[in-house]
Amino acid sequence: MHELPVIDKILQVALKHARKNNISRILSIHLEIGELSDLEESWLQRYFDRVSSGTPAAGAALNVTRIPVSARCSCGNTFGITLNNTTHTCCPSCGSSSWQLVAGKGYFVKSMEGL
Amino acid sequence: MTQPVKLIEVKEGILEDDGKVAASLRADLQTRETFLLNLMASPGAGKTSLVLHTIKTLRNKLEICVVEADIDSTVDAEAVANEGISAVQLRTGGFCHVDAAMMREGIAAFGDKKCDMIILENVGNLVCPAEFDTGAHKNVMILSIPEGDDKPLKYPLMFSICDAVLINKMDYIGLSDFDMEKLTERIHRLNPNAEIFRISCRTGEGIDAWSEWLFREVCNFRNSKL
Numbered sequence: 080m081h082e083l084p085v086i087d088k089i090l091q092v093a094l095k096h097a098r099k100n101n102i103s104r105i106l107s108i109h110l111e112i113g114e115l116s117d118l119e120e121s122w123l124q125r126y127f128d129r130v131s132s133g134t135p136a137a138g139a140a141l142n143v144t145r146i147p148v149s150a151r152c153s154c155g156n157t158f159g160i161t162l163n164n165t166t167h168t169c170c171p172s173c174g175s176s177s178w179q180l181v182a183g184k185g186y187f188v189k190s191m192e193g194l
Numbered sequence: 060m061t062q063p064v065k066l067i068e069v070k071e072g073i074l075e076d077d078g079k080v081a082a083s084l085r086a087d088l089q090t091r092e093t094f095l096l097n098l099m100a101s102p103g104a105g106k107t108s109l110v111l112h113t114i115k116t117l118r119n120k121l122e123i124c125v126v127e128a129d130i131d132s133t134v135d136a137e138a139v140a141n142e143g144i145s146a147v148q149l150r151t152g153g154f155c156h157v158d159a160a161m162m163r164e165g166i167a168a169f170g171d172k173k174c175d176m177i178i179l180e181n182v183g184n185l186v187c188p189a190e191f192d193t194g195a196h197k198n199v200m201i202l203s204i205p206e207g208d209d210k211p212l213k214y215p216l217m218f219s220i221c222d223a224v225l226i227n228k229m230d231y232i233g234l235s236d237f238d239m240e241k242l243t244e245r246i247h248r249l250n251p252n253a254e255i256f257r258i259s260c261r262t263g264e265g266i267d268a269w270s271e272w273l274f275r276e277v278c279n280f281r282n283s284k285l
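Going down the list, the protein sequences come from chains A and B. Residues in the first sequence are numbered consecutively from 80, following my numbering. Residues in the second sequence are numbered consecutively from 60, following my numbering.
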């Protein structure tokens, strides 16, 4: 269900930038979505088609790049986390557990193409 | 003549506006010295039971208000109000989560009432509430034993954003193949700093340890203001 609010926001961001740049038709939108998001790309596109109908973004293709999950340790090291790894993750540099996720969540509209 | 295709660099996070609303709510609550706890879990994990236990344990130390969020119905707010606690029911009208803008409306219903802690009982769901910042100072979740130890693998985002995970229905553990060690490992894989409490809302096990932690967090919140 949270697809709809998320997709509506993608649309609003795209329409805002279309107005700013005198774009009358949006052809494609490049999104970066964290791997921790469970939104499926095919569903994103289907919902987007529905929500964008009748707007300058109607028919635009969503191109999604998935951003891997990564963490930064208190020692300063940044490292990637594999989601299907089922055991406890420690910093590969110092072995500690005092790290925090720094990438892999959220949604980002990177760029778009239009006429 | 064909129009040239323009490439626009947008570079905008789509939940940035929500993030700003949440940050401003958090700051306003800080000024009012009101700590906001966001409680999340699947339907039936024991959110309302935990709210009632927490009220019972902490009501002598803290003035508590509760915001109950549900897609429909007011049964949870009624259960809390029966304990003599101010409760507001937020009907999300089909929405699967609460965001900071809805929360601001819910809190406004308490008016000028002095309140040390507001507990938000979020919509029962391990997916959507994890995506939206409610303006809370701490996020916690309940996982109950019958749901199984594999849930952190299925809902990684939820387990990654919580400051504490409460394992409820501990009184059922002997009847199940739930592996506590595996669960702990799976939670700490994405969230090494998560506190884990083993509780049973039925027997009362672990409620004191949880309440002490929560009370400490409220005290830290107040002191951080000074």
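In this text, a Cβ means the ideal position worked out from N, Cα and C, and glycines have one as well.
Asked	Found
Within 10 angstroms of its Cβ, does residue 181(B) collect 16 or more other Cβ (buried), or is it exposed?	buried
If you run the structure through DSSP and keep just helix, strand and coil, what is residue 39(A)?	Only positions 80 to 194 of chain A appear in this structure, which leaves residue 39(A) out of reach.
With DSSP run on the structure shown, which of helix, strand or coil describes residue 193(A)?	strand
Residue 113(A): which of 190(B), 271(B), 146(B), 169(B) sits nearest, CA to CA?	190(B)
Would you mind reading off the limits of the alpha helix (DSSP H) that contains residue 184(A)?	Taken as a continuous stretch (DSSP letters only), residue 184(A) belongs to no alpha helix (DSSP H), as it is neither H nor E.
Need the endpoints of the beta strand (DSSP E) that residue 179(B) sits in, please.	176-180
What are the start and end residues of each continuous beta strand (DSSP E) run of 3 or more residues lying completely inside the region 185-246 of chain B, in chain order?	197-203, 223-227
Measure from the C-beta of residue 238(B) to each C-beta in chain A and report whether the shortest distance is under 9 Å.	no
On a CA-only basis, which of 126(B), 156(B), 155(B), 209(B) is nearest residue 174(B)? Give me that one, please.	126(B)
Using 9 Å as the threshold, is the C-beta distance between residue 92(A) and residue 123(A) below it?	no
Any beta-carbon of chain A closer than 9 Å to the one on residue 101(B)?	no
Can you look up residue 275(B) in the DSSP assignment and give me helix, strand or coil?	helix
CB-CB under 8 Å to residue 272(B), same chain, minus the five flanking residues each way: which ones, in chain order?	223, 254, 256
With 16 other CB atoms within 10 Å as the buried threshold, where does residue 164(A) fall?	exposed
For chain A, find out if any of its Cβ atoms is closer than 9 Å to the Cβ of residue 205(B); answer yes or no.	no
Rounded to whole angstroms, what is the Cα-Cα separation between residue 66(B) and residue 98(A)?	14 Å
DSSP state of residue 100(B), grouped into three classes?	strand
Taking only the alpha-carbon atoms, compute the straight-line gap between residue 221(B) and residue 100(B) and give it to the nearest angstrom.	11 Å
Any beta carbon from chain B within less than 9 Å of residue 128(A)'s own beta carbon?	no
Using the three-state DSSP reduction, which class does residue 104(A) fall into: helix, strand or coil?	coil
Apply the 10 Å Cβ neighbour rule to residue 227(B) and answer buried if 16 or more other Cβ atoms are within range, or exposed otherwise.	buried
Any idea what DSSP makes of residue 129(B), helix, strand or coil?	strand
Look at residue 71(B) and residue 187(A) and say whether their C-beta atoms are less than 9 Å apart.	yes
Output the distance between the C-alpha atoms of residue 126(A) and residue 82(A), rounded to the nearest integer angstrom.	8 Å
Pop quiz: residue 156(A) and residue 169(A) are said to be a contact at Cβ under 8 Å. What is the actual Cβ separation, rounded to whole angstroms?	Incorrect: roughly 11 Å between the Cβ atoms, too far for contact.
If contact is defined by three or more beta carbon pairs under 8 Å, each pair taking one atom from either stretch, is the region 208-222 of chain B in contact with the region 83-91 of chain B?	no
Give the single residue among 175(A), 118(A), 184(A), 178(A) whose Cα lies nearest to the Cα of residue 48(A).	Only positions 80 to 194 of chain A appear in this structure, which leaves residue 48(A) out of reach.
Give every residue of the same chain whose Cβ lies closer than 7 Å to the Cβ of residue 158(B), excluding the five residues on either side of it in the sequence, and list them in chain order.	77, 191, 193
Considering only heavy atoms of the ligand HEM, does any lie closer than 8 Å to the CB of residue 139(B)?	Summarising the ligand content, the structure contains no ligands, and the ligand HEM is consequently not present.
Got a sec? Which residues, its chain only, sit under 6 Å from residue 280(B) by beta carbon, not counting five neighbours each side?	94, 196
Relative to chain A, which residues along the region 65-93 of chain B have a C-beta separation below 7 Å, given in chain order?	65, 66, 67, 68, 69, 70, 71, 72, 73, 74
Identify every residue that forms a DSSP beta bridge with residue 65(B).	193(A)
Quick test of your reading: residue 153(B) and residue 130(B), contact by CB under 8 Å. State the CB separation rounded to the nearest angstrom.	6 Å
Taking 9 Å as the CB-CB cut-off, is residue 116(A) touching chain B?	yes
Do the region 256-269 of chain B and the region 175-186 of chain A meet, that is, are 3 or more Cβ pairs less than 8 Å apart?	no
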